[in-house]
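Colleague: Before anything else, here's the structure in question.
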Amino acid sequence: MVELYIDIKKIENAIKKNRAKKVLVQAPAGVKMKLNNLLQDLENRLYTTFIISADSCFGACDIPIGTISAIKPDLVIHIGHEKMIKMKGIVYIPLRYEFNHAEKEELLRILYEHLSSSGIKKVCGTATAQYLLLLKWLKKEAKRLGISILLKKGRHEKKGMVLGCETKAAECNAENVLFVGDGFFHAIGISKNTGKNVIILDPLSKKISLLSFKDIEKKLIKRNFAMLKAYHAKNFGVVMSTKPGQFFEREAFEAKRILEKNGRKAVLIATEIVSETSLLDFMLDCYVIIACPRISDDLAHWKTPAITFEELKTIFKKA
Ligand code: SF4
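Numbering (numbering that gives the first Met the number 0), first residue to last: 0 to 318.
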């Protein structure tokens, strides 16, 4: 069975090194429930008190500053993602899945059958942090079978690693991109940014599927409707996320300036988690959301028109 591996030794060393007595731990959904048992032993041995954050932990950008400033821990342990933000007192503990030999062989077979039946001999290999070791193994073994998986460094040290908002590692010299991971979030980001088809190998469900750039183009056309509605709106809210990795104050001020220059009214709004419900009270015609660059995927489901900063710039450049 596939095991989720958390580097407890690294957590222990960080606590000892920082002589931390009060430690705030954050982790993504699905991992929080495991923490109690995992941390019990450390708590007893190191005379440390752990406090588990119930805040969201969607990405490495997602540091709960409100909770940190209230609790004032000696150390924050962020479980789940590779380091993204340089902030003192935060230690990143990436998660990784461990596969036994039979599981890896099965995934290799699924991948090989899919690629060879599609006549593909070369792909650009990408994965989220949890599956990077598996991707490296697949690269080595696929070579034996005549398939080349190219690995490129993105903005992170690790070759092949992508985030939802950072997919430079997918820009190899190959027509198709292989994404090893679960869910569609990262694959959509890759396809949007590269204009390529993405072959998704999900190691948990052991399924392989194709996300074609044509599907993505359909989503992009839907965004044009939102942009048209925004163009006709008069009263705007410019919404800034206060999460450290998503806090872009300069862009928010610039958005307000662009709107006012084009005869619209604009108010600046700050919130930690951007949601349509939290904005209902404002009763504005349209929102410009300055937060995670991937927010436009969610905005498509909002009832009130909402656009990103990039979309705002496109609208008023054309106007
Ligand atoms: S900004 Fe968005 S996509 Fe990037 S790491 Fe944060 S949550 Fe993930």
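Each residue gets a CB set at the ideal place from its N, CA and C atoms; glycine is no exception.
Indicate the three-state DSSP secondary structure (helix, strand or coil) for G188 in the structure shown.
Modeller: Residue numbering aside, residue 188 sits at position 189 when the sequence shown is read from its first letter. G188 falls in the helix class under three-state DSSP.
Colleague: Are at least three pairs of beta-carbons, each pair with one atom in the segment 233-241 and one in the segment 249-258, less than 8 angstroms apart?
Modeller: yes
Colleague: Measuring only from the beta carbon, is F322 closer than 7 angstroms to any heavy atom that is part of ligand 1?
Modeller: The displayed coordinates of the chain run from 0 to 318. Any statement about residue 322 would go beyond what the structure contains.
Colleague: Less than 7 angstroms separating the Cβ of L258 from some heavy atom of ligand 1?
Modeller: Against the sequence shown, residue 258 aligns to sequence position 259. Not under cutoff, so the answer is no.
Colleague: Quick check: the segment 97-107 against the segment 161-178, are there 3 or more CB pairs under 8 angstroms?
Modeller: no
Colleague: Can the beta-carbon of L45 be found less than 8 angstroms from the beta-carbon of E11?
Modeller: The count along the sequence shown starts at 1 and reaches residue 45 at position 46. The count along the sequence shown starts at 1 and reaches residue 11 at position 12. Yes; because the gap between Cβ atoms is below 8 angstroms, this pair is in contact.
Colleague: Alpha carbon to alpha carbon, how far is L144 from S151? Give it in angstroms, no decimals.
Modeller: Taking the first residue of the sequence shown as 1, we reach residue 151 at position 152. Taking the first residue of the sequence shown as 1, we reach residue 144 at position 145. Before going further, note that residue 151 is Lys rather than Ser in the sequence given. Those two C-alpha atoms are separated by around 21 angstroms.
Colleague: Would you mind reading off the limits of the alpha helix (DSSP H) that contains M32?
Modeller: On the sequence shown, residue 32 is found 33 positions in, with the first residue counted as 1. Its alpha helix (DSSP H) spans residues K31 to L45.
Colleague: Closer than 5 angstroms is what we want: which residues have a beta carbon that near any heavy atom of ligand 1? List them in chain order.
Modeller: This criterion selects F57, G58, C60, L162, G163, C164, C291 and R293.
Colleague: Would DSSP call A173 helix, strand or coil?
Modeller: On the sequence shown, position 174 is the one that residue 173 refers to. Note: A173 maps to coil in three-state DSSP.
Colleague: Give the range of the beta strand (DSSP E) segment to which G65 is assigned.
Modeller: Counting from 1 along the sequence shown, the entry for residue 65 is found at position 66. In the DSSP annotation of this structure, G65 is not part of any beta strand (DSSP E); the continuous alpha helix (DSSP H) holding it starts and ends at I64 to I70.
Colleague: Quick check on the DSSP output: the beta strand (DSSP E) that includes Y286 runs from which residue to which?
Modeller: Residue mapping note: residue 286 aligns to position 287 of the sequence shown, counting from 1. Note, Y286: beta strand (DSSP E), C285 to I289.
Colleague: Kindly indicate which three-state DSSP category E156 falls into: helix, strand or coil?
Modeller: Your numbering for residue 156 matches position 157 in the sequence shown. Three-state result, E156: coil.
Colleague: Considering just the uninterrupted stretch of the alpha helix (DSSP H) at I130, what are its terminal residues?
Modeller: The residue labelled residue 130 in the question sits at position 131 within the sequence shown. With the sequence shown as reference, residue 130 is identified as Tyr, and Ile is not the correct amino acid for it. Segment: none, Y130 is in no alpha helix (DSSP H) and carries neither H nor E.
Colleague: Just checking, does the segment 130-143 make contact with the segment 267-276 on the three C-beta pairs under 8 angstroms criterion?
Modeller: no
Colleague: Measuring alpha carbon to alpha carbon, tell me which residue in N223, K233 and L283 is nearest E310.
Modeller: Translated into positions along the sequence shown, residue 310 becomes position 311. The option with the nearest alpha carbon to E310 is N223.
Colleague: Is any heavy atom in ligand 3 found nearer than 7 angstroms to the beta carbon of I198?
Modeller: Annotation note on ligand 3: not contained in the displayed structure, which lists ligand 1 as its ligands.
Colleague: CA-CA distance, K16 and S68?
Modeller: One-based indexing of the sequence shown puts residue 16 at position 17. One-based indexing of the sequence shown puts residue 68 at position 69. Spanning the two alpha carbons is a distance of roughly 22 angstroms.
Colleague: Once you ignore the five residues that flank P63 on each side, which residues in its own chain have a CB closer than 7 angstroms to its CB?
Modeller: Start at 1 with the first residue of the sequence shown, and residue 63 comes out as number 64. Here P63 has Q25, S52 and D54 as same chain residues with Cβ atoms under 7 angstroms from its own Cβ, once five neighbours each way along the sequence are excluded.
Colleague: Please report how far the alpha carbon of T48 lies from the alpha carbon of P243, in whole angstroms.
Modeller: If you number the sequence shown from 1, residue 48 lands on position 49. If you number the sequence shown from 1, residue 243 lands on position 244. C-alpha separation (whole angstroms): 25 angstroms.
Colleague: Shortest alpha-carbon distance to K316 belongs to which of L258, L298 and P304?
Modeller: Here residue 316 is taken as the residue at index 317 of the sequence shown, counted from 1. Of the listed residues, the one whose Cα sits closest to K316 is L258.
Colleague: Does the segment 193-202 come close enough to the segment 102-121 to have 3 or more Cβ pairs within less than 8 angstroms?
Modeller: yes
Colleague: Output the boundary residues of the alpha helix (DSSP H) element that contains S115.
Modeller: One-based indexing of the sequence shown puts residue 115 at position 116. For S115, the enclosing alpha helix (DSSP H) starts and ends at H100 to S116.
Colleague: Beta-carbon within less than 8 angstroms of V22's beta-carbon, same chain only, minus the 5 sequence neighbours each way: which residues are those?
Modeller: Numbered from 1 along the sequence shown, position 23 holds the residue referred to as residue 22. Once the five neighbours on either side are set aside, the close Cβ partners of V22 are I14, T47, T48, F49, I50, P72, D73, L74, V75 and I76.
Colleague: Would you list the one or two residues that DSSP bridges to E2?
Modeller: Within the sequence shown, the letter at position 3 stands for residue 2. Partner(s): E97.
Colleague: Any idea what DSSP makes of M239, helix, strand or coil?
Modeller: Taking the first residue of the sequence shown as position 1, residue 239 is located at position 240. If DSSP states are grouped into helix, strand and coil, M239 belongs with the strands.
Colleague: What does DSSP give as the partner residues of I269 in its beta bridges?
Modeller: Numbered from 1 along the sequence shown, position 270 holds the residue referred to as residue 269. Reading off the sequence, residue 269 comes out as Ala, not Ile. DSSP, once it has assigned bridges, lists M239 as partnering A269.
Colleague: Does the distance from the CB of I272 to the CB of I207 come in under 8 angstroms?
Modeller: Along the sequence shown, read from residue 1 onward, the residue named residue 272 stands at position 273. Along the sequence shown, read from residue 1 onward, the residue named residue 207 stands at position 208. It is not a contact, given that the beta carbons lie outside the stated cut-off.
Colleague: Which class does K264 belong to by DSSP, given the choice of helix, strand or coil?
Modeller: Stepping through the sequence shown from its first residue, residue 264 is reached at position 265. Strand.
Colleague: Any idea what DSSP makes of I215, helix, strand or coil?
Modeller: Numbered from 1 along the sequence shown, position 216 holds the residue referred to as residue 215. The three-state secondary structure of I215, taken from DSSP, is helix.
Colleague: Please state whether the Cβ-Cβ distance between H185 and T127 is less than 8 angstroms.
Modeller: Locating residue 185 in the sequence shown gives position 186, where the first residue counts as 1. Locating residue 127 in the sequence shown gives position 128, where the first residue counts as 1. Between H185 and T127, the CB-CB gap stays under 8 angstroms.
Colleague: Confirm, please, whether the CB-CB distance from N175 to L149 is below 8 angstroms.
Modeller: One-based indexing of the sequence shown puts residue 149 at position 150. One-based indexing of the sequence shown puts residue 175 at position 176. No, Cβ-Cβ distance for L149 and N175 is not below 8 angstroms.
Colleague: Just checking my contact of A299 with K228 at CB under 8 angstroms: how many whole Å lie between their CB atoms?
Modeller: In the sequence shown, the residue the question calls residue 299 occupies position 300. In the sequence shown, the residue the question calls residue 228 occupies position 229. That pair is no contact at about 12 angstroms.
Colleague: I'd like to check one pair, I89 with I5: are the Cβ atoms closer than 8 angstroms?
Modeller: Within the sequence shown, the letter at position 6 stands for residue 5. Within the sequence shown, the letter at position 90 stands for residue 89. It is not a contact, given that the beta carbons lie outside the stated cut-off.
Colleague: Cβ of D280 within 8 angstroms of Cβ of N234?
Modeller: Taking the first residue of the sequence shown as position 1, residue 280 is located at position 281. Taking the first residue of the sequence shown as position 1, residue 234 is located at position 235. Cβ distance not < 8 angstroms, so D280 and N234 don't count as in contact.
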